[in-house]
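Chains as they are written, first to last, in the working numbering: chain A, 224 to 655; chain B, 224 to 655.
As structure tokens, the structure follows; a few thoughts come after it.
Written as structure tokens, this is what we have:
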């Protein structure tokens, strides 16, 4: 495939007009301002007029099957929301429900420009399968919990992750990676966290965790363990591994120093943090400290959609408005969080930037909608004006998975039908 | 036109499934759960499967011609942004530029669910004409300024508003209203504000103003006049009239009491306030005090789009996240701000709600996109999941102005062409 006369966002996140980008198999093989000399090997030629081509986005914190719960419970206090609404519903979700709910989530993501997700949820094999089947990229874990003395090697969540790792190893062109996980400080005991830390170090694993999401979490951790959640995981040795930590809303200065030094990725989920009234992560300070920042949508129940362009805009806005500083979080900063930083968080070193030799994970945005005109600066329009709905083509590993409202790898009508059927059944089981 | 088997958001902002809504001429003439007995008089029948029908939205603070400046200048300090970038560009805008830039703004608004705007900008006759020509509703003013001793009856902005009022009076089915205005406390002298106050009282005018947008504005007003901007306008008698006050970010308790007592409409522009680092208006407290709240996008340079669904979501989110209270701003609260409160701010008493006898200002949203599925609660999806891009039909005074990506009253290609031509010319004149 050859994209011609197209505006690109290059690997430095600068916009360049009238460019040519060539894709061969699953790889970006040409970027230039002229047609390549050897045109054979490029099949379809794509007319780039009024289009922007950029790397696809990386959503580094999600719970895909929660699409089942979109709009199910709103404007409630956290405890009521969780214990009266979310948990009882989740307890009824089975593997099939989870598969189709993940498919719906993937459809939403690819149609709004996301090419890869870091996901944590039960039924992880079903969720990984949905990603594999739809050509999506994913780092999947299940959110390990440990409330009792069960030894780590018998921990159900750990075993499920290991079984999955075996199943998806060496297939799907490396698209599906199985991560380790610790759900959170408040859902695991110290011994198990230490065991995960050892296991992850030995196996060079990525570990996905929730971290310092609310004041309550930090307060309870201080009361129980005498340290902040960051210090708790640090002391347990977990931060020696490649850790992807969602939220990081309530951090002390010392916490930030630890995250920076340990190379932990902090995933900013600004919409979820506002909606659940958790607060606003101090992104400018975290960046200044050298913490690696990526972006996530969180699950649909706390957002309520998976359009990462909304997180991009929100990240750029909230950190200006709350800090009263219009210079906080530049256009390039936030685009970096959503692209290359996300790819690095997933340890996909050949992804996340428009660069020859990288995997062809590409999205095209149509600038002919009124919201995108005029284009003084394509990057500014991407951050402040665009919606994921402006995406008109999504390619993953060189394969088009979405184009002009059509899903090439997902039977969207079936997915919507199955999700609605599951939601109805569950509500019936809950006597609602 | 007869919408059948459609989910509606009724006048109480509750969702009802499988409803029938009839429109005759410019009016809603039937709402029921069965087909009306007398079907004659309703022409086209609209299949409402997977659709939500609701009143159109009211954007009560905008500067339409600023679409010319979309993405032109970002991440700058306010003074640099205004004096080095925005003002020099604006000085080059002529009437024709303004007409087409307004058309583009209107296209963006109708395609994202807005049926009416309260707009303040120079070249107001061109802007009003763009609204008239495109079937849009608008309350237009030009942002009166008064820096010297010119008597009010010779004030250029006042005279332009009066000339426009005469021109648009009694035409276009009342769609185009000409408001009075005071740009802001820092761009007018006390004598002129008093004269506007007298004039507005005598003529029963609506007055559109900017109010307490930033700490700097409040501080300078206190230094110069010894009172807050709210008190300043109150003392000048302006708040005796029907005032629509944009921003209201920095208010004292006494300010809020004055706004509540005077019946002033406070227009919340959350995205603009974040982007320009002005801060976050205390909407929960303002609502508690009884202030009437509406929503606005502000101009494109400080947003950067005119999709009021983004303001709806942002309003619901920001007031939870900053107040650390998930109960702040309910789904119904924010839908009320964007609909009936906006219509009342524009003194359109037969608009803003799905009600027999009201003007047929209607929008239809398609719920078949992945972001809108499943629909546990249509109102929740509208607030937290929807994008203006889900709007598939917009009707104003019974006339369809937009349907399925087609503009019925605007030559969108021409508008985009002209706006780009204007933007290029202006940048050339500025030697950029």
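For every residue, glycine included, the Cβ atom is placed at its ideal position computed from N, Cα and C.
Host beta strand (DSSP E) of residue i (start-end)
{"i": "residue 349(A)", "result": "Segment 347-356 is the alpha helix (DSSP H) holding residue 349(A); no beta strand (DSSP E) there."}
{"i": "residue 239(B)", "result": "238-247"}
{"i": "residue 253(A)", "result": "250-255"}
{"i": "residue 625(A)", "result": "622-626"}
{"i": "residue 618(B)", "result": "614-619"}
{"i": "residue 401(A)", "result": "399-401"}
{"i": "residue 599(B)", "result": "Here residue 599(B) belongs to no beta strand (DSSP E), and DSSP marks it neither H nor E."}
{"i": "residue 552(B)", "result": "No beta strand (DSSP E) contains residue 552(B), which DSSP labels as neither H nor E."}
{"i": "residue 470(B)", "result": "465-470"}
Residue i in three-state terms, based on DSSP
{"i": "residue 631(A)", "result": "coil"}
{"i": "residue 514(A)", "result": "coil"}
{"i": "residue 563(A)", "result": "helix"}
{"i": "residue 364(A)", "result": "strand"}
{"i": "residue 225(A)", "result": "strand"}
{"i": "residue 451(B)", "result": "coil"}
{"i": "residue 344(A)", "result": "coil"}
{"i": "residue 290(B)", "result": "helix"}
{"i": "residue 542(A)", "result": "helix"}
{"i": "residue 373(A)", "result": "coil"}
{"i": "residue 280(B)", "result": "strand"}
{"i": "residue 330(A)", "result": "helix"}
{"i": "residue 394(A)", "result": "coil"}
{"i": "residue 269(A)", "result": "strand"}
{"i": "residue 660(B)", "result": "Given that chain B is displayed from residue 224 to residue 655, the structure contains no residue 660(B) and the question cannot be resolved."}
{"i": "residue 431(A)", "result": "strand"}
{"i": "residue 231(B)", "result": "strand"}
{"i": "residue 639(A)", "result": "helix"}
{"i": "residue 337(B)", "result": "strand"}
{"i": "residue 582(B)", "result": "strand"}
{"i": "residue 654(B)", "result": "coil"}
{"i": "residue 488(A)", "result": "strand"}
{"i": "residue 574(B)", "result": "coil"}
Residue i versus residue j - alpha carbon distance
{"i": "residue 614(B)", "j": "residue 608(B)", "result": "13 Å"}
{"i": "residue 370(A)", "j": "residue 554(A)", "result": "43 Å"}
{"i": "residue 253(B)", "j": "residue 618(B)", "result": "16 Å"}
{"i": "residue 170(B)", "j": "residue 251(B)", "result": "The structure shown does not extend to residue 170(B), since chain B is modelled only from 224 to 655, so the question has no answer here."}
{"i": "residue 582(A)", "j": "residue 576(A)", "result": "9 Å"}
{"i": "residue 542(B)", "j": "residue 531(A)", "result": "21 Å"}
{"i": "residue 496(A)", "j": "residue 382(B)", "result": "49 Å"}
{"i": "residue 357(B)", "j": "residue 564(B)", "result": "24 Å"}
{"i": "residue 468(B)", "j": "residue 406(B)", "result": "10 Å"}
{"i": "residue 396(B)", "j": "residue 566(B)", "result": "16 Å"}
Among the options, the one whose alpha carbon lies nearest that of residue i
{"i": "residue 597(A)", "options": "527(B), 570(B), 571(B), 551(B)", "result": "527(B)"}
{"i": "residue 246(B)", "options": "234(B), 268(B), 237(B)", "result": "268(B)"}
{"i": "residue 255(A)", "options": "470(A), 239(A), 485(A)", "result": "239(A)"}
{"i": "residue 372(A)", "options": "561(A), 384(A), 410(A), 363(A)", "result": "410(A)"}
{"i": "residue 462(B)", "options": "235(B), 484(B), 294(B)", "result": "484(B)"}
{"i": "residue 321(B)", "options": "653(B), 655(B), 649(B), 654(B)", "result": "649(B)"}
{"i": "residue 361(A)", "options": "376(A), 375(A), 326(A), 374(A)", "result": "326(A)"}
{"i": "residue 440(A)", "options": "288(A), 472(A), 538(A)", "result": "472(A)"}
{"i": "residue 659(A)", "options": "278(A), 228(A), 261(A), 262(A)", "result": "Outside the modelled stretch of chain A, which goes from 224 to 655, sits residue 659(A), for which no answer is possible."}
{"i": "residue 637(A)", "options": "563(A), 457(A), 324(A)", "result": "324(A)"}
{"i": "residue 330(B)", "options": "653(B), 631(B), 646(B)", "result": "631(B)"}
{"i": "residue 401(B)", "options": "547(B), 421(B), 354(B)", "result": "354(B)"}
{"i": "residue 236(B)", "options": "601(B), 540(B), 623(B)", "result": "601(B)"}
{"i": "residue 522(B)", "options": "592(B), 560(B), 292(B)", "result": "292(B)"}
{"i": "residue 644(A)", "options": "316(A), 442(A), 415(A), 445(A)", "result": "316(A)"}
Span of the alpha helix (DSSP H) around residue i
{"i": "residue 482(A)", "result": "476-485"}
{"i": "residue 589(A)", "result": "No alpha helix (DSSP H) contains residue 589(A), which is instead part of the beta strand (DSSP E) from 585-589."}
{"i": "residue 497(B)", "result": "493-498"}
{"i": "residue 418(B)", "result": "413-426"}
{"i": "residue 313(A)", "result": "310-313"}
Any non-hydrogen atom of the ligand NAD closer than 8 Å to residue i Cβ
{"i": "residue 285(A)", "result": "Although the ligand NAD was asked about, the structure shown includes no ligands whatsoever."}
When Cβ atoms are compared, which residues of the region 287-308 of chain A fall closer than 9 Å to chain B?
-> Flagged, chain order: 290, 291, 292, 293, 294, 295, 296, 297, 298, 299, 300, 301, 304.
Under 9 Å (Cβ pairs) to chain A, residues found in the region 500-513 of chain B = Across the region 500-513 of chain B, CB contacts with chain A closer than 9 Å involve 500, 501, 502, 503, in sequence order along the chain.
The region 542-573 of chain B: which residues have C-beta closer than 8 Å to a C-beta of chain A, in chain order?
-> Those would be 543, 544, 545, 546, 547, 548, 549, 550, 551, 553, 554, in chain order.
Listed in chain order, which residues of the region 333-358 of chain A have Cβ atoms closer than 8 Å to some Cβ of chain B?
-> Under the 8 Å Cβ criterion, the region 333-358 of chain A contributes 334, 335.
Mind listing which residues of the region 462-487 of chain A have their C-beta closer than 9 Å to chain B's C-betas, in chain order?
-> Taking 9 Å as the cut-off between beta carbons, none of the residues of the region 462-487 of chain A comes near chain B.
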